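> My numbering applies: residue 1 is where the sequence shown begins, and numbers increase by one.
Yeah, the Cβ is synthetic: ideal placement off N, Cα and C, and Gly gets one too.
Source: prediction; values computed, not measured.
Take a look at this one; I'll ask things after.
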Amino acid sequence: MNSPRRICVVTGTRAEYGLLYWLLREIEQDPELQLQLVACAAHLCPEQGMTVEQIEADGFTIDARVEMLVAGDSRVAMAKSTGLGVIGFADAFARLQPDIVVILGDRFEMLAAAQTALLLEIPIAHIHGGEITAGAVDDSIRHAITKMASLHFTATERFRRRIIQMGEPPQRVFNVGAPGLERLRRCPPLSREQLAAALDFDLGPPLFLVTFHPVTRGAEESLAALGELCRALEQFPDARILWTAPNADSEGRALRRQIEQWAAARSDRVLLTASLGQQRYLSALRLAEVVIGNSSSGIIEAPAAGTPTVNIGSRQEGRPIAASVICCEARQGEIATTIEKALAPGFQSLAQQTIPPYGSGESALSILQEIKKIRELADLLTKPFHNNSCLTGNPQ
Numbered sequence: 001m002n003s004p005r006r007i008c009v010v011t012g013t014r015a016e017y018g019l020l021y022w023l024l025r026e027i028e029q030d031p032e033l034q035l036q037l038v039a040c041a042a043h044l045c046p047e048q049g050m051t052v053e054q055i056e057a058d059g060f061t062i063d064a065r066v067e068m069l070v071a072g073d074s075r076v077a078m079a080k081s082t083g084l085g086v087i088g089f090a091d092a093f094a095r096l097q098p099d100i101v102v103i104l105g106d107r108f109e110m111l112a113a114a115q116t117a118l119l120l121e122i123p124i125a126h127i128h129g130g131e132i133t134a135g136a137v138d139d140s141i142r143h144a145i146t147k148m149a150s151l152h153f154t155a156t157e158r159f160r161r162r163i164i165q166m167g168e169p170p171q172r173v174f175n176v177g178a179p180g181l182e183r184l185r186r187c188p189p190l191s192r193e194q195l196a197a198a199l200d201f202d203l204g205p206p207l208f209l210v211t212f213h214p215v216t217r218g219a220e221e222s223l224a225a226l227g228e229l230c231r232a233l234e235q236f237p238d239a240r241i242l243w244t245a246p247n248a249d250s251e252g253r254a255l256r257r258q259i260e261q262w263a264a265a266r267s268d269r270v271l272l273t274a275s276l277g278q279q280r281y282l283s284a285l286r287l288a289e290v291v292i293g294n295s296s297s298g299i300i301e302a303p304a305a306g307t308p309t310v311n312i313g314s315r316q317e318g319r320p321i322a323a324s325v326i327c328c329e330a331r332q333g334e335i336a337t338t339i340e341k342a343l344a345p346g347f348q349s350l351a352q353q354t355i356p357p358y359g360s361g362e363s364a365l366s367i368l369q370e371i372k373k374i375r376e377l378a379d380l381l382t383k384p385f386h387n388n389s390c391l392t393g394n395p396q
């Protein structure tokens, strides 16, 4: 009898773990597969909520831990963290000997994991490729991982076509929809009363769910943009604000300090948390009158939850936008006006009827089925370049 295939899944942040949750469950329950789970970066950082504990509380075994975050809030620290990640992943993959490494997204932690797997000749399956987020360095990282990966699982058909345009063989690129929609569909929500009791915090209404991450590319100043957001929120003194902390990108710590100071001065109506956990976050997403900030969750999951989104600045620029998402510049007056528009009864009703552009919420089994169809995963290491028909012909 053949031994189970070793499927190694890498996770570095609370958000990405939530997106991978049902895929992890499906791998774990399949007798033909062996799940290997590697936790790294923010999961192992107390400042980021030590979210590895949530993974273990969910019943998963951590097969390797890669400590990689360098103290600091600069681009240099992020670059050094990536280098440390390569060293840690090399040790982890050499010990675990996975048959394939599964990576989601576009962050520097995943860049470290991908280049390590590439150099160790381990095939890579990449989820959420082909997208554009012009306001983040993640945009370039995502495309780099695409060229290192051998299997691709996209959130829309447009993204699938873009990966093929990059020269990836069409038979290895699959549109499976966004995993976040499956997470939302399969997670039982808490009521407003249950969530309020769990957080010991009055949830209104109105409830604002806010997340603001660093803008890592372009001229937009993250701290200045955050100041504009805070001043806009002052114009809604009756709102209860549930604020999830920024991620571990450069400037993340500076943003967090500014948010902490602002929230502490308004603790009667603002709750800042490092991590809500999957069920509480998704429940808040459903219960909120509006999602505010620059997180991909406001673009992908919030429309599926029927919740309006105020998307600020350039960080998510390039993603398909649902009718329930209103984009605005990082200026106090424009943010406040956009929040008022999102709170209007007519727009609330529109959000409830919005059809999200990211699939039906059934991605985990689709990903697993495509991986299992491949007889020899090692064959994936040979990557033919697909010439698009519009590019072929005699060079001039």
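When DSSP labels each residue in this structure, what does ARG6 get in the three-state scheme?
ARG6: strand per DSSP, three-state reduction.
> Can you give me the C-alpha to C-alpha distance between TRP262 and ASP99, rounded to a whole angstrom?
Whole-angstrom Cα-Cα distance: 48 Å.
> For ARG240, which beta-bridge partners are listed by DSSP?
DSSP output for ARG240 lists LEU207 as bridge partner(s).
> Assuming ALA225 and GLY83 form a contact by the criterion Cβ under 8 Å, report the distance between their Cβ atoms to the nearest whole angstrom.
Contact doesn't hold; Cβ gap of about 29 Å is too wide.
> Measure the alpha-carbon distance for ASP379 versus ILE145 and round it to whole angstroms.
Using only the alpha carbons, I get a separation of about 19 Å.
> Going by DSSP, which residues form a beta bridge with GLY293?
Partner(s): THR211 and ASN311.
> Taking C-alpha atoms, which residue in ASP268, ARG231 and PRO308 lies nearest to LEU350?
Minimum Cα distance to LEU350 is reached at PRO308.
> Write down every uninterrupted run of the alpha helix (DSSP H) in the region 150-206 whose length is 4 residues or greater and which is fully enclosed by it, in chain order.
Here the runs fully enclosed are 157-165, 179-186 and 192-199.
> Could you tell me whether the Cβ of ALA264 comes closer than 8 Å to any Cβ of chain D?
No chain D appears in the structure shown, which is made up of a single protein chain.
> From this set, ALA364, ASN311 and ARG186, which residue's C-alpha is nearest GLN279's C-alpha?
Checking every option, the nearest Cα to that of GLN279 belongs to ARG186.
> For ALA90, which of helix, strand or coil comes out of DSSP?
Here ALA90 sits in helix by DSSP.
> Within this structure, are the beta carbons of GLU131 and HIS152 separated by less than 8 Å?
Not in contact: GLU131 and HIS152 (Cβ atoms no closer than 8 Å).
> Under a Cβ-count criterion, where at least 16 other Cβ atoms within 10 Å of its own Cβ denotes burial, should ILE292 be classed as buried or exposed?
Classification for ILE292: buried.
> With the cut-off set at 8 Å, would you say ALA336 and ALA232 are in Cβ contact?
Taking 8 Å as the Cβ cut-off, ALA336 and ALA232 qualify as a contacting pair.
> Roughly how many whole angstroms lie between the Cα atoms of GLY260 and THR61?
In the sequence under discussion, the amino acid at residue 260 is Glu, which differs from the Gly named in the question. Taking the straight line joining both Cα atoms gives about 33 Å.
> Please state the DSSP three-state secondary structure of VAL52.
The answer is helix: DSSP assigns VAL52 an H, G or I state.
> From what residue to what residue does the beta strand (DSSP E) around THR273 run?
That run of the beta strand (DSSP E) goes 270-273.
> Around the Cβ of ILE355, are there at least 16 other Cβ atoms within 10 angstroms (buried) or fewer (exposed)?
Answer is exposed; the Cβ neighbour count stays below 16.
> Note down the Cα distance separating LEU207 from LEU287, rounded to an integer number of angstroms.
Distance between the alpha carbons of LEU207 and LEU287: 7 Å.
> Buried or exposed for LEU229, going by 16 or more other Cβ atoms inside 10 Å?
Counting Cβ neighbours within 10 Å, LEU229 comes out buried, since at least 16 surround it.
> Give me, in chain order, the residues of the same chain whose beta-carbon lies closer than 7 Å to that of ALA219; leave out the 5 immediate sequence neighbours on both sides.
Note that ALA219 scores 48 on pLDDT, short of 50, meaning its location in the model is unreliable; the coordinates nonetheless yield the value given after this. So the list is empty, once near-sequence residues are dropped.
> Mapping DSSP to helix, strand and coil, what is THR116?
DSSP places THR116 in helix when its eight states are reduced to three.
> Are at least three pairs of beta-carbons, each pair with one atom in the region 190-208 and one in the region 154-172, less than 8 Å apart?
No, because fewer than three Cβ pairs between the region 190-208 and the region 154-172 fall closer than 8 Å, the two stretches do not touch.
> Among SER81, PHE89 and ILE127, which one has its Cα closest to the Cα of ILE163?
The residue with the shortest Cα to Cα distance from ILE163 is ILE127.
> Are ILE122 and ALA149 touching if we call contact CB-CB under 8 Å?
In this structure, ALA149 does not lie closer than 8 Å to ILE122 by Cβ.
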